[in-house]
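Here is the structure we will look at.
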Amino acid sequence: VPGSLLYYDVPKGIEWTVDKDELVQGKVVPGAAPAGLVDAHPGTIALRTRIEARDLRVRASVRLPASGRAGVIVRWRDERNWLRLSVQPGAAGVAATVFLDQAADGVFKQVANAPWVVAATGNCDVEVLCWQDIAVVVVDGAVLYSAAVVNARAGRVGCYTWLAEGAARFVR
């Protein structure tokens with residue numbers, strides 16, 4: 013995460029800030045999610061400008077919220093075409109769930125999910141490697157799963173949160 017939001021394209025009505033070199037999603041104005049977003053968990057995103065790739069590796073250190081989801085979004089072309097890796101914390105004593113979701117030509121699909129025990133600090137490193145039509149999900153340095161994805165075209169990258177106002181933080 014750079015020291016400013018100049019490198020990010022943030023939808024109007026959604027406040028993302030930088031606090032101690034961490035990117036933080038703050039207040040969300042009702043109705044501010046992108047219109048026409050195809051998703052079961054629409055959340056909010058901060059898209060990196062000037063980076064667009066099909067075959068890529070994106071990694072972020074995320075401090076997870078107590079509830080909701082946080083992660084990275086890749087291959088974002090518009091509200092109807094993207095690929096997203098997110099982590100949803102579990103209840104006390106229950107493992108978190110790591111999701112790989114995709115929207116392709118307006119059709120939402122959960123590609124894969126798996127349990128993961130998150131450190132007591134709530135911090136985890138998430139990584140998605142995309143090569144052609146394969147996505148590999150890595151959490152805290154361990155390969156969790158790989159999955160086939162459809163409509164694998166180039167797009168932008170960014171940060172994602174859902175129901176995590178001010179609680180999810182992105183370090184890099």
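Here the working numbering is used: the first residue of the sequence shown is 13, the next is one more, and so on.
The beta-carbon is built from N, C-alpha and C at its ideal position, and this holds for glycine as well.
Computed from a prediction, not measured in an experiment: that's the story for all the values here.
Between residue i and residue j, what straight-line distance do the alpha-carbon atoms span, to the nearest angstrom?
i, j, result
"residue 145", "residue 163", "8 angstroms"
"residue 70", "residue 168", "11 angstroms"
"residue 85", "residue 103", "24 angstroms"
"residue 66", "residue 90", "14 angstroms"
"residue 63", "residue 88", "10 angstroms"
"residue 115", "residue 147", "14 angstroms"
"residue 108", "residue 158", "18 angstroms"
"residue 126", "residue 181", "22 angstroms"
"residue 92", "residue 120", "8 angstroms"
"residue 68", "residue 106", "32 angstroms"
"residue 27", "residue 35", "11 angstroms"
"residue 151", "residue 30", "24 angstroms"
"residue 101", "residue 37", "17 angstroms"
"residue 110", "residue 175", "16 angstroms"
"residue 56", "residue 129", "25 angstroms"
"residue 131", "residue 82", "15 angstroms"
"residue 61", "residue 160", "26 angstroms"
What are the partner residues of residue i, as DSSP defines its beta bridges?
i, result
"residue 109", "100 and 127"
"residue 76", "BP columns for residue 76 are empty, so no partner."
"residue 71", "139"
"residue 31", "34"
"residue 159", "147"
Please classify residue i as buried or exposed, where buried requires at least 16 neighbouring CB atoms within 10 angstroms.
i, result
"residue 94", "buried"
"residue 98", "buried"
"residue 149", "buried"
"residue 58", "buried"
"residue 173", "buried"
"residue 113", "buried"
"residue 122", "exposed"
Between residue i and chain C, is the shortest Cβ-Cβ distance under 8 angstroms, so that the two count as touching?
i, result
"residue 148", "Considering every chain present, this structure includes no chain C. It has just one protein chain."
**OP:** Evaluate contact between the stretch 68–78 and the stretch 133–150, counting only Cβ atoms and requiring at least three cross-stretch pairs below 8 angstroms.
**Re:** With the cut-off at 8 angstroms, the stretch 68–78 and the stretch 133–150 touch.
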